[in-house]
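To start, the structure under review is shown below, and the notes come after it.
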Amino acid sequence: MSTPICDFVRKYSSSDPVRLHMPGHKGQPLLGFEPLDITEIDGADELFAADGIIAESEANASEIFGSRTFYSAGGSTLCIQAMLHLLALNSSAGAPFIIAGRNAHKAFVNAAALLGIGIRWIFPPSGGSYHRCAVTPEAVKAALSACRAKPAAVYLTSPDYLGNILDIKGIAEICHKAGVPLAVDNAHGAYLKFLPESLHPIDLGADICCDSAHKTLPVITGGAYLHISNSAPPLFAERAKASLSLFGSSSPSYLILQSLDAANDRMAEFKRSLCEFLPKVEGLKGDAARCGYELVGTEPLKLTVAPKSYGYTGDGLAAILRESGIFAEFHDPDMLVLMLSPLCGDGTLEKLRAALLSVERKAPITETSPPVPSPKWALTPREAIFAPSEIIPVDRSLGRVSAAAAISCPPAVPIAVCGEMIDECVIRNFKYYGIEKCAVIK
Numbered sequence: 232m233s234t235p236i237c238d239f240v241r242k243y244s245s246s247d248p249v250r251l252h253m254p255g256h257k258g259q260p261l262l263g264f265e266p267l268d269i270t271e272i273d274g275a276d277e278l279f280a281a282d283g284i285i286a287e288s289e290a291n292a293s294e295i296f297g298s299r300t301f302y303s304a305g306g307s308t309l310c311i312q313a314m315l316h317l318l319a320l321n322s323s324a325g326a327p328f329i330i331a332g333r334n335a336h337k338a339f340v341n342a343a344a345l346l347g348i349g350i351r352w353i354f355p356p357s358g359g360s361y362h363r364c365a366v367t368p369e370a371v372k373a374a375l376s377a378c379r380a381k382p383a384a385v386y387l388t389s390p391d392y393l394g395n396i397l398d399i400k401g402i403a404e405i406c407h408k409a410g411v412p413l414a415v416d417n418a419h420g421a422y423l424k425f426l427p428e429s430l431h432p433i434d435l436g437a438d439i440c441c442d443s444a445h446k447t448l449p450v451i452t453g454g455a456y457l458h459i460s461n462s463a464p465p466l467f468a469e470r471a472k473a474s475l476s477l478f479g480s481s482s483p484s485y486l487i488l489q490s491l492d493a494a495n496d497r498m499a500e501f502k503r504s505l506c507e508f509l510p511k512v513e514g515l516k517g518d519a520a521r522c523g524y525e526l527v528g529t530e531p532l533k534l535t536v537a538p539k540s541y542g543y544t545g546d547g548l549a550a551i552l553r554e555s556g557i558f559a560e561f562h563d564p565d566m567l568v569l570m571l572s573p574l575c576g577d578g579t580l581e582k583l584r585a586a587l588l589s590v591e592r593k594a595p596i597t598e599t600s601p602p603v604p605s606p607k608w609a610l611t612p613r614e615a616i617f618a619p620s621e622i623i624p625v626d627r628s629l630g631r632v633s634a635a636a637a638i639s640c641p642p643a644v645p646i647a648v649c650g651e652m653i654d655e656c657v658i659r660n661f662k663y664y665g666i667e668k669c670a671v672i673k
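Numbering (this note's numbering), first residue to last: 232 to 673.
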């Protein structure tokens, strides 16, 4: 597949140009990448008004994903901001609101606040975990039925941080019967398109979604996609660039754009290597389970361990793995998350297998995380983020109103988001996750 952005930059860089334009390093190789780091010079196109090499590259990505695909050099955060703007534009309600799984990333909460979009949460089932919000088709149907006005969208996170995948196909059918768009934060699941049978949200019926290409594909940090289904409301594609430019930098990184462009040419090979790699991952997961580790989630390339039943906290097991030179994506008192990829190579799997199986099993840790509360709104998110705030010790926060989202690692279920009341249950959870101070409204 063609790589027009890469080709242009390589040709320009090799022509010994006199760089009387940005960036200020002028192509001098201080770290090595600078000769390829350019700006919107003649012929380089413009990300938010693309009609040249960027448009050609995005067309290649659209062909790969079977959607109308747009690049982001600001990660999925920029895509989430643009998605919410598009959903608000498409809504006929004077005061748009979105039904959302409670484990939405803080970028969703912040964008909703900035855009004045209301949020109606779908909370985890009673007794659920902060690490998972198992939104079912039935829960979505019930949430839609409870609405007097039509929501701007249903917004879900799948896969979540631990590798739990929702029934997007079933949920999409319910949303479309209700005439409501389905938006999905697929930041952790770009590679799902390339499984033997695609599990990508667009292929399962989502109207719009974001992928953090850099999380699971051979793309550098910051590269992401905004995908719009071919059956989505026409406004989404028509206004996508304008919505992205509303929040995005006017100086997007051409290094990131080249990385996204180059990835298009590697996707066929990536799919082949992924199909060969998956059975090896399943073998590793099987060995870990037989050894006694409790595994969480169904996402193929995540190995998520709930190690308390094995006698360790997630933090403790991560420390043991670091002694073998293995660094986890995430760990907290309850969980350890390891992200795998065909680019890891067989040697990585063998090293991980040896490290996990060499850990001595101990008596289970019986301490469990506190139950997930359902805090009540005191202010709208927009009112809260623009209100004067202060940082205070958690012990003094009872009865105060949260001024910011707070959780150990997003996207997970936030303990309290901006505008919600802090009660005893919220404080217990703050303390469990080591949150000693919090932002509250003055």
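Every residue, glycine too, gets a C-beta built ideally from N, C-alpha and C.
Y485: member of the alpha helix (DSSP H) spanning 485-522, first to last residue. Positions of the beta strand (DSSP E) runs, each at least 3 residues long and wholly inside the region 289-361, are given as 299-303, 328-332, 349-353 in order along the chain.
If you check the CB distance, K668 and P604 do not come in under 8 Å. When the five nearest sequence neighbours on each side are left out, the beta carbons in the same chain lying within less than 7 Å of the beta carbon of K607 are those of E651, M652, in order along the chain. With a cut-off of 8 Å on Cβ pairs, the region 490-500 is in contact with the region 285-297, counting three or more such pairs. For F264, the secondary structure class from DSSP, reduced to helix, strand or coil, is coil.
The C-beta distance from L486 to I451 rounds to 7 Å, short enough to meet the 8 Å contact threshold. L375 has its alpha-carbon roughly 9 Å from the corresponding atom of V385. Rounded to the nearest whole angstrom, the C-alpha separation of G453 and S307 is 8 Å. Within the same chain, P412, L413, S460, A463 come within 6 Å of D438 by CB-CB distance, once the 5 residues on both sides are set aside. C649 counts as buried, since no fewer than 16 other beta carbons sit within 10 angstroms of its beta carbon. R592 sits away from G545, with the two beta carbons spaced by 8 Å or more.
By the 16-neighbour rule on beta-carbons within 10 angstroms, D416 is buried. Going by C-alpha positions, H316 is about 47 Å away from R521.
In summary, A324 is exposed, with fewer than 16 beta-carbon neighbours lying within 10 Å of its beta-carbon over all protein chains present.
A straight line joining the alpha-carbon of E581 with that of D391 spans about 26 Å. Per DSSP, reduced to three states, the secondary structure at K257 is coil, with no helix or strand assignment.
DSSP lists K533 as the beta-bridge partner residues of M570.
Taking the Cα positions, T388 is about 31 Å away from A586. Within the region 426-450, the complete beta strand (DSSP E) segments of 3 residues or longer fall at 439-442, listed in chain order. In the structure shown, L610 adopts coil according to DSSP, grouped into three states. For L251, there is no enclosing beta strand (DSSP E), as DSSP gives it neither H nor E.
For D577, the enclosing alpha helix (DSSP H) starts and ends at 577-588.
Burial state of E289 is buried, judged by a 10 Å Cβ sphere holding 16 or more other Cβ atoms.
In this structure I551 does not touch A344 by the C-beta definition: roughly 40 Å separates them, more than the 8 Å allowed. The straight-line gap separating the alpha-carbon atoms of I666 and I622 is approximately 12 Å. Note that the C-beta distance between I272 and V240 is not below 8 Å. Beta-bridge partners assigned by DSSP to T388: D416. Counted as a single uninterrupted DSSP element, the beta strand (DSSP E) harbouring V671 occupies residues 668-672. Contact between the region 418-428 and the region 354-372 is absent: fewer than three C-beta pairs spanning the two stretches fall below 8 Å.
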